[in-house]
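Here is the structure we will look at.
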Amino acid sequence: MVIGNICVEDNVIPALFDTGAEVSLISRQALQRLAPTAEIYTNSAHHIIVADGGALNVDGIVMLKVSTNRITIYDEFIVVSDDLYVPVLLGCPTMGKLRTTIRVSPHGMHVTTNDEHDFSPYSAPKEVRFNDNYSTANQLEKDQQEITA
Numbered sequence: 001m002v003i004g005n006i007c008v009e010d011n012v013i014p015a016l017f018d019t020g021a022e023v024s025l026i027s028r029q030a031l032q033r034l035a036p037t038a039e040i041y042t043n044s045a046h047h048i049i050v051a052d053g054g055a056l057n058v059d060g061i062v063m064l065k066v067s068t069n070r071i072t073i074y075d076e077f078i079v080v081s082d083d084l085y086v087p088v089l090l091g092c093p094t095m096g097k098l099r100t101t102i103r104v105s106p107h108g109m110h111v112t113t114n115d116e117h118d119f120s121p122y123s124a125p126k127e128v129r130f131n132d133n134y135s136t137a138n139q140l141e142k143d144q145q146e147i148t149a
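Numbering (the UniProt record's numbering) for the sequence shown: 1 to 149.
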């Protein structure tokens, strides 16, 4: 998870880029400040369960404009009446639409949006068969010894 600034309805606000979230959230207080006239659709669940097992009270769903200096999208956010650690939480579907890449290095984390890099060559095999050549733990240890020798 990374915290960075994004624009919601043309207002800069801190957001949590949450790689473990299936939905995007916005607090009721942040929504009133950023888009006071936004229409909230209330035909949704009244509670959602978060990673720690707690529940958040859901007020409804709202469609918002989200942008960075590289891309602009429109996406759904669940409006919660509870306070969040940050006013906006971006879940994986929203990050996907923003074409987000999070790079981790010894110097920290860096978030890029509208990333046009094609990651397809790095896809894992969809099926592993017994005759495929994959390294065992013993082989990896042997290879490591050869490298350090």
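A virtual CB, placed ideally from N, CA and C, is assigned to each residue, including glycine. Since the model is a prediction, treat every value here as computed from it, not as a measurement.
Around the CB of I49, fewer than 16 other CB atoms lie within 10 Å, so the residue is classed as exposed. For T100, same chain residues with a beta-carbon under 6 Å away, outside a window of 5 residues either side, are T113 in chain order.
Here D83 is exposed: its Cβ has fewer than 16 other Cβ atoms, across all protein chains shown, within 10 Å. Proximity of the stretch 20-39 to the stretch 88-107 meets the contact definition, three or more beta-carbon pairs being nearer than 8 Å.
Beta-bridge pairing by DSSP links E76 to M63.
Just so you know, the alpha carbons of S105 and M95 end up roughly 20 Å apart.
Following the DSSP letters along the chain, one finds M1 in no beta strand (DSSP E), marked with neither H nor E.
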